[in-house]
Every structure is written in C-alpha cells, then in structure tokens.
Amino acid sequence: MADHPPSAHTNRLAQEPSPYLRQHATNPVDWYPWGDEALARARAENKPILLSVGYSACHWCHVMAHESFEHPDIARLMNEGFINIKVDREERPDLDQIYQGVVQLMGQGGGWPLTVFLTPDLRPFYGGTYFPPSDRYGRPGFPRLLTALRDAWENKADEIEEQARRFQEGLGELSTHGLDAAPAHLSAEDIVAMGQSMLKRMDPVNGGFGGAPKFPNPMNVALLLRAWRRGGGEPLKAAVFRTLERMALGGIYDQLGGGFHRYSVDERWLVPHFEKMLYDNAQLLHLYSEAEQVESRPLWRKVVEETVEYVRREMTDPDGGFYATQDADSEGEEGKFFVWHPEEVRAALSVGQQSDTVLRHFGIKPGGNFEHGATVLEVVVPVEQLAKEQGRSVEAVEKELAEARRVLFLLREQRVKPGRDDKILAGWNGLMIRGLALASRVFDRPDWAKLAAGAADFVLAKMWDGKRLLRSYQHGQGRIDGFLEDYGDFASGLTALYQATFDAKYLDAADALAHRAVELFWDEEKQAYLSAPRGQKDLVVAAFSLFDNAFPSGASTLTEAQVTLSALTGDVCHLDQPEHYVAKLHDQLVRNPMGYGHLGLAADSLVDGASGVTFAGTREAVAPLLAAANRTYAPVFSFGWNDTGSAPPARLQELFEGRDPVEGKGAAYLCRGFVCERPIRSPNDLIRAIGVPNENSVP
C-alpha cells in the first residue's frame, strides 16, 4: 500500500512519519495516532477506544484495511461509536506487548493486525486480531462486532467494567509471570535438558518446530546447538542441520534475491508470507554462520553470502543504517513480485536445456504451487541429480544455474517492488550488526564488518547522546525514547562488532549503553527488567521484558551483552544483573525453553562464568590464532586483542597487563570465571581448548 500525501481527503495519519500509519491516511476512518489528543478526547466524550496495531509489511493488516477501514459504512460505525487509534507496533512495542496479552487471555494466539477495545482510562475489555467484513473463518464480522460492543458500552456498563477489571488483573499477572519463583542456579545440565525438551517439538521430516504455519525461530534452533555442544547428543545437531537445510532449499528463502521471508504457511517451508523482516534475517545470518563453524558446507556459505548481499542491496540506507521491513504485497497482490510461471522462464532463458534445467531445479510447472497458477521457487531437483541425468559435471550445471538465476533476478528487478518501511530502529540495527559481525569473522569478510560498522556509526551519531538512545530514525529525524530491546539489542551488536574489528569505541559504547539500561529499566524488587523506561505514563500495567518471541526480548539481549562485556573488560559488576535475573527465571527457562530461547543463549554463556580469550601480539603474530578461533564453534567465549603494536585503550590497560606475546610470538590467554590458564601458542591447541567438548559427558 502506498504512502499518501496530505490533502482534503486524508486524516491525521497523513502527517505521521511511520509508513504504516501513512498507509491509512486516506481511510474514511477518523484515525488518531496514539497520544494525548486522542486519549483526552476519549475521556472528554466517555467513548471507548478502538486500538488497531500492525506494521507496514503485514499482509493481513492490509487485508483488514482494504475490507473494513476503507469501507465507508464500516468507517461510519467506527467513527460514531469509538475513538479510533492506529499504532505501529515497530514504534511502540511496549503497547503491543501489553495489549497482545488481551488476546492471549482470551485463549487466542495473538498476532497482527491486533484489534483491542479499551475504556478511556486504557483498560481493555475485548480484543482479537483480524476481523472480516462479514461473518466467516469462524470469526464475527467487524460491523456486527462494532455494533454489539457499542451497545454493550451504552447499555451494559457494569459488564464492561467487570470485564475491564478482570483483563487489567490478568495483564498484570501476565507481565510478571514467573517473577515470583525462588531463584535457582542454572547449570550445564539444564542447558542440555532445555535442548532435549525442545527437540521433542521438532518436525523430524522437514525440521523446524511443529506444523503449519512454521516460523524459522532461529534463537530456539541456536539453543539446540548449544545443548549439543554441552553433550546432549548427535540428534540435536542433526535436527538443527535438517532445519537449516530445508529452509535454505525451500520457498521461505528467496532463491533468486537472497534473504528469508517471515514464515511459511505450510509445514515444509514452501509457500511463505512474503514479507521480509530485518530481525529475522539478522538472527538467521548469525545462526547459519554458527552452523558453518560446526561443520563447513557450501549451502551455509551460499545462504550467508546471498543474505548479506540482499541486506546491502535492499535494506541499507545511504548513511549506513538498516531499514526495518519489506512488504509482502506488490500491486495489491501478496507475493506477486517473487513468483514465476513457466512461460516467463522460457521467454527469459535460452530455449532448450537451460530453461528445462531451471524449471526442473525450481519445480516450476503449469498450475504452479501458489495462487493463479504461479510457482514459489524451491529447490526440488538438486544439482547433483540434474548433472547425473544430463551426463554433465556438477560444476557445469552449477555454472548454468548461476547464470540463469542472474538473468531471472535482473528480469525480476524490473517488476514493481514490494513497499519498504525505511525507518531505522536502533534495536533491530543492533541485531543485524550482531549477525554481520559474526559472519564477517567466520567467512573472513572484513567488508561485512564494515557494513555493520556503518550502521553502528549511524546509530551512535544520530540516535545516542551518551544518556538517551532513540528508538526510531526517519526522514532526518530521531524520535521515541528507546525501549529495553533497543538498549539490549544495540549493546549486544556492539560487543559483537568489537570482536570483529577490535575497535575499542564500540566496546566503550556498549559499556555505556548497558549501564544506562540498568538505570532506566532494572526493577530491584522484581529482579527483572521493564520493557519501557520506568515511569512511562501511558501504560495500563507495568510491562516486564520476559519472553523471547519473533525477536529476542531486551532483557535477553542485554543479559547477553553484559556477560560479554564482563569477559571483554574484566568488570565483574556487569554480571550483577545477569546472575540475579537468570537465577530468578531458572524455573521458567527449564519448564518452557521455547519461550526463552535467546535468554537460554545468554544463560549458557553465564554458566561458564564470562569466558574469554585475549590475543596478544601484533596483527601478523596473532593472525593464525585469530583465524582458528573464528572458525571454531565456541559461542560462550568472547574475544579481545592486546595489539602490542600500539598502546592499549585506557579501559583495557589493567585487563591486558601480563597478557603479552610469548618469546615474541602471538599468544592466546584463555580465562574462565576470571581465572586464566597458561598462554596458548598453537592454533590447534586453541581449537581444542575452546571447541566442542567430549559429547559423551556434560562438562
């Protein structure tokens, strides 16, 4: 859906920076953005609030907008009975988190569009997600719902009040779920148990968790790999590799342009919802890079290289920051940009073997596998099988397919592209910086670290003043105070970037962000983190940052950053909150690991007591050791470098003291729990020291 310029036919949303809000600027609905004006009017007129939450790349948000918000009769019902407020969940994740709880309390799954009805004092009394324009899909039609709720508001005030009271009570309990548990020590055995528990929910054929719809869930897949590393057994690694392979060959992966779509509507990763989210691709970059460390495969490299190229090409602002999302729809149809018909392929490629090879490889047939006879590309016939059938070498077929993909990609570039949400979110940029930084190390691509540094430098220059981090930057303007996820994600990204560049300014900034996050968000009584800064006025309940959902909670990424900072700086105070927080959530982690995947990753590092390796020597001297470390799956270790060719940064002088080259040659100092071992000089010895322990026993 296109942005609309302000005119006599637009509503208040035309003036908003958010592309999602501007998508609704020409609706006949009397929309307000969330803010004092709307809330004051609701109180003054004693009208209920209709709160609609979504994001610009959300397909079903577009469907409901087209069916209901653009319909004059439905808009009239909305305008007569309600104060209508539209929220971009990417701008206000705290509001989204709280009011998603309404749908959960009603026994529904949640998601977007989110539709919640509130009293003027912001207490919810009814909610749901997508509502059709008439009764169908087992859901009430939106007009019928609006009429019934308006009648209830005007004639059944006692029932509305009781429902609002119960919802507010339930939301308070949801937001602090698990925080009353007694603290307990998390062990390596717990990490293995979490992995084994999650393994039972894996699809043994297609990989991934459960059936349709199927989400990549990268943090939970990554936690399975951690459990394997700690001795949980080969089935854990096999489940991870099966998942990564099936996704990479499926339609959820953009076979021509690189990058992953949001999720697949089926259990085998074939037909996706076509939106592409920065946070999904950030986490998957990281996960496929870890898989390469475990066992090098051409497929892992291909996915990482193509996904980085997608991010560079489509999602990078000229000033360095990364954009938020790409839409599922173009020209009013979902997936139209991405799908193919056989005749298009034949017309684009040379007649005969090349087009036949491509059609077979990607399973492009008459009738297709998607709407209107189109085909979502997936790898149906592997290169090896094609080569055998055609009596040619694998290399020859690969070369032919690569050229065909190039031609089809260029042809696709001429189509009308899906819309892009060009706001730059501090937290999501942190996640992509984290993914790129690891990928740059694993694949020896300093240019990828440079891409990550461009985004880090942008956020540090435009969105962080040393005390206040902004959440969003768009059209030359930073806005909205950062939430915990912004501080946590960005600090985590900066610690990863330091390990790819060894530029101490990123370590200093991460350190400052982590300290400031504790000041703004830590709740001493609950021993947990609030999602929004303490004292936020427009929240019906205090929202604690607990669960990892489509992307990690800020508490999880901040915990990860703090453990890493402790290892890299030697500052034990960074472990204060992680130790208390992980202990507090011990029972939840072990009972429900699916809900705390990223916290499990952070907790796994904490189990080893902030382990780190400091390389000592000139760049030339430490290069073999550093290369060995970067190729090794050692996720609980953080890496620093005492460059003896220059003076150490002031912050690291004390830490580096005594960690010097040995006999003029590079050395690696391995420390666990702030106890250091003898220096290591051989790359093979280093790999043995930090690599995967004996699988037969939990260390």
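Read the sequence shown against full-length UniProt numbering and you will find it ends at 699, with the numbers running on by one and no gaps. All C-beta atoms in this analysis are idealised placements derived from N, C-alpha and C, irrespective of residue type, glycine included.
Distance from the CA of L484 to the CA of F167, rounded to the nearest whole angstrom, comes to 25 Å. For N155, no beta strand (DSSP E) run applies; the uninterrupted alpha helix (DSSP H) run containing it begins and ends at 142-155, by DSSP. Nearest neighbour of G476 by Cα position, chosen from P17, E234, G258, P93, turns out to be P17. For D481, the uninterrupted beta strand (DSSP E) segment begins and ends at 477-481. In the structure shown, C61 adopts helical secondary structure according to DSSP, grouped into three states. Per the Cβ contact rule, the segment 342-353 is in contact with the segment 400-412 (3 or more Cβ pairs under 8 Å). Residue burial annotation: G367 is exposed, with fewer than 16 other C-beta atoms found within 10 angstroms of its C-beta.
Every alpha helix (DSSP H) stretch that sits fully inside the segment 36-89 and reaches 4 residues is listed by chain position as 36-45, 59-64, 72-81. Taking each of D508, G109, T119 in turn and checking the Cα distance to P213, the smallest one comes out for G109. In the structure shown, Q326 adopts extended strand secondary structure according to DSSP, grouped into three states. Here Q353 is exposed, its C-beta having fewer than 16 other C-beta atoms within 10 Å. DSSP lists S330 as the beta-bridge partner residues of E333. If you draw a 10 Å sphere on the C-beta of Q100, you find 16 or more other C-beta atoms in it, and that means buried. Residue state for K526 is assigned as coil, using DSSP reduced to three classes.
The segment 447-465 and the segment 316-335 touch, with three or more beta-carbon pairs separated by less than 8 Å. Measuring C-alpha to C-alpha distances from D486 to each of A402, S472, Y506, G332 identifies S472 as the nearest. Per DSSP, the beta bridge partners of Y32 are I85. With a threshold of 16 other beta carbon atoms within 10 Å, S350 falls short and is exposed. A distance of 8 Å or more separates the beta carbons of A500 and A567. Contact annotation, H598 with P183: C-beta distance approximately 20 Å; criterion of less than 8 Å not satisfied. Beta-bridge pairing by DSSP links Q354 to no other residue.
A188 sits away from E290, with the two beta carbons spaced by 8 Å or more. The C-beta separation of M277 from D548 comes to about 15 Å, leaving the pair out of contact by the 8 Å criterion.
Y126 is the residue among W269, G664, Y126 whose C-alpha sits nearest the C-alpha of L105. For W641, the enclosing beta strand (DSSP E) covers residues 637-643. Taking a C-beta distance under 8 Å as the contact criterion, V63 and Y130 qualify as a contact pair. With distances taken between CA atoms, E378 lies nearest to D254 out of D254, L77, A42, L575.
Around the beta carbon of C573, fewer than 16 other beta carbons sit within 10 angstroms, so the residue counts as exposed. The Cβ atoms of E245 and N206 do not sit closer than 8 Å to each other. One alpha carbon belongs to A542, the other to Q536, and they sit about 9 Å apart. Per DSSP, the unbroken alpha helix (DSSP H) holding L236 starts and ends at 234-249. Taking C-beta separations shorter than 7 Å and ignoring five residues to either side along the sequence, the partners of F637 in its chain run S611, G612, V613, I690, following chain order. Remark: C-beta atoms of A455 and A437 do not approach each other more closely than 8 Å.
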